[in-house]
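**Student:**
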Amino acid sequence: MLQQRYPQTVSQEYLANLGREKIKQALTETGEKRRYELQLVRQPRALQLPAGQLICEVELPRGLEFQGQMPVLIKAYVNDKFYRQITIYYRIGIYDKVLVAQHDLQLERALTTADFKVEERCLENPAADYLHDAKELQDRVPIRFIKSGSILTRDMLTTPIVVQSGAPVKLLTNVNGVEVVTDGIAMQRGRLGTYIRVRNARTGKMLRGKIRDANTVEIAG
178 MLQQRYPQTV
188 SQEYLANLGR
198 EKIKQALTET
208 GEKRRYELQL
218 VRQPRALQLP
228 AGQLICEVEL
238 PRGLEFQGQM
248 PVLIKAYVND
258 KFYRQITIYY
268 RIGIYDKVLV
278 AQHDLQLERA
288 LTTADFKVEE
298 RCLENPAADY
308 LHDAKELQDR
318 VPIRFIKSGS
328 ILTRDMLTTP
338 IVVQSGAPVK
348 LLTNVNGVEV
358 VTDGIAMQRG
368 RLGTYIRVRN
378 ARTGKMLRGK
388 IRDANTVEIA
398 G
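Quick note: the sequence shown uses our numbering, first residue 178, plus one each step.
(1) Under the DSSP definition of a beta bridge, which residues are partnered with V339?
(2) So, is L284 buried or exposed, given that buried needs 16 or more other C-beta atoms within 10 angstroms?
(3) In whole angstroms, what separates the C-alpha of L215 from that of R321?
(4) Pick helix, strand or coil for M178, following the three-state DSSP scheme.
(5) I need the DSSP call for A304, collapsed to helix, strand or coil.
(6) For Y213, which residues in the same chain have their Cβ closer than 7 Å to its Cβ, ignoring the five residues on either side in sequence?
(7) If you reduce the DSSP assignment to three classes, tell me which class R385 lands in.
(8) Skipping 5 residues on each side, what residues in its chain have a beta carbon closer than 8 Å to that of L329?
(9) Give the C-beta separation of P337 and L282 to the nearest angstrom, bearing in mind that I take them to be a contact with Cβ-Cβ under 8 Å.
(10) When the Cα of Q246 is compared with those of T207, I200, A287 and Y254, which residue comes out closest?
(11) Relative to the C-alpha of R182, which residue among V394, C299 and L224 is closest?
(12) Any idea if M383 is buried or exposed, counting beta-carbon neighbours within 10 angstroms, 16 or more meaning buried?
(13) In chain order, which continuous runs of the beta strand (DSSP E) of length 3 or greater are located wholly inside the segment 203-262?
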């Protein structure tokens, strides 16, 4: 009776499950708690192997990848001797409830509850700082045009402009521990906490200061 050369078979389903479990383990180790889906891009071929003790090692050669296809490398050893390796590919979809623009949002326009909705979405970049709560939009305006249906991220928004160029402002200076206030003119527009050029209304001297509120600029020391 002829001895079968490749008596062991590792099924397609078994290989696919090895890859799936490896990805799940990696996601757990990163602390990922959001819902996710794993899509096998292409079913691997079954492995035909010689007799002996079989060990399969599974690796993520490029780590977790959330854009495009992610390779999973499976190495098969028979009696501790490397025999064959295959690469299978998955797509990972991470889902979360996020704020989504209801319509086009214009630059610098104050936001209202009619401007957004909460939806569960598959995230293009799970590491991005997505917004989840309407409270995160308080006192924020778009820093650029935001297209309808876009998921809102923190870097899309900023504080509103509170000082316009040419506006009268109070210039606050600290002199030996004493706060001195003089009249000034803003030479640039700016947001809370940003630095702008100002002119002392009495002396005409050009200065640089930090916007403390809509009426006050603190002169840089």
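Positions of the beta carbon are idealized from the N, C-alpha and C atoms, including for glycine.
**Tutor:** In short:
(1) Its beta-bridge partners do not exist; DSSP assigns none.
(2) Counting Cβ neighbours within 10 Å, L284 comes out exposed, since fewer than 16 surround it.
(3) Approximately 34 Å, taken between the alpha carbons.
(4) Caution is warranted here: a pLDDT of 37 is assigned to M178, below 50, making its placement in the model unreliable, and no coordinate value can be reported.
(5) A304: coil per DSSP, three-state reduction.
(6) The beta carbon of Y213 lies closer than 7 Å to those of L204, I269, G270, I271 and Y272 in the same chain, with the five residues before and after it left out.
(7) Three-state result, R385: strand.
(8) Here the set comprises V275, L276, V277, A278, F293, Y307, L308, L314 and I323.
(9) About 14 Å; that fails the 8 Å criterion.
(10) Ranking the options by Cα distance to Q246, first place goes to I200.
(11) Proximity to R182 across V394, C299 and L224 peaks at L224, based on C-alpha coordinates.
(12) With fewer than 16 other Cβ atoms within 10 Å, it is exposed.
(13) You should have 212-217, 224-226, 231-236 and 247-255.
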